[in-house]
Amino acid sequence: MDKHLSILAKQHIETRFVKINAEKSPFLAEKLKIVVLPTLALIKNAKVDDYVVGFDELGGTDEFSTEELEDRLAKCQVIFHEGESSINTSKSSAQTRRSVRQSTRSDSSDSE
Numbered sequence: 001m002d003k004h005l006s007i008l009a010k011q012h013i014e015t016r017f018v019k020i021n022a023e024k025s026p027f028l029a030e031k032l033k034i035v036v037l038p039t040l041a042l043i044k045n046a047k048v049d050d051y052v053v054g055f056d057e058l059g060g061t062d063e064f065s066t067e068e069l070e071d072r073l074a075k076c077q078v079i080f081h082e083g084e085s086s087i088n089t090s091k092s093s094a095q096t097r098r099s100v101r102q103s104t105r106s107d108s109s110d111s112e
């Protein structure tokens, strides 16, 4: 889970990802109603909006893909992505190659 959240945190700077150790923060875990580990409390506007509890919603195993987690977080609108996963989209590298071409004509208008 940590690996996937780390990847998503880099991709979705519009969202704050915070990790707490529930065993070392019993007061906060109780306030957030965290019983099963791992639990993602999805908080919007200072209120818990939804939970992702365990791995049930992510295929029932810890071998789920980052895209599955991204889709689940987008469903609750805590991250934003359109269509394809932002994990697979590569940066557009279709840069136009420009070069200065020299004319072979002697009567060019650039001569001094």
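Residue numbering for the sequence shown follows the UniProt record's numbering, beginning at 1 and increasing consecutively. Ideal Cβ placement from N, Cα and C applies to all residues, glycine included. The model shown is predicted, which means the values in this text are computed figures rather than measured ones.
Practice problem: Compare the Cα-Cα distances from K75 to each of I20, L32, F27, L42 and report the closest residue. | Solution: L42
Practice problem: Quick one: grab the DSSP three-state call for I20. | Solution: coil
Quiz item: Quick one: what does DSSP say A46 is sitting in, helix, strand or coil?
Solution: coil
Quiz item: Measuring CA to CA, which of E68, F64, N21 is closest to L37?
Solution: N21
Quiz prompt | Secondary structure of S90, DSSP reduced to three states | solution = Residue placement at S90 cannot be trusted, given a pLDDT of 39 that sits under 50; the coordinates are not used to answer.
Self-check item: Outcome for K91 when other beta-carbon atoms lying within 10 angstroms are tallied against a minimum of 16
Solution: Unreliable placement is indicated for K91, whose pLDDT of 38 sits below 50; no coordinate value is reported for it.
Quiz prompt | Exposure label - Q79; buried when at least 16 CB within 10 Å | solution = The question names Gln, but residue 79 in the sequence shown is Ile. Buried, by the Cβ-count rule.
Quiz item: Which partner residues of A41 appear in the DSSP bridge assignment?
Solution: Y51
Quiz item: Sorted by chain position, which residues of the same chain lie with C-beta nearer than 8 Å to residue 131's C-beta, five sequence neighbours on each side aside?
Solution: This structure cannot speak to residue 131, because the chain is shown only from 1 to 112.
Quiz prompt | Beta-carbon gap between residue 166 and L58 smaller than 8 Å | solution = The question about residue 166 has no answer, for the chain in this structure spans 1 to 112.
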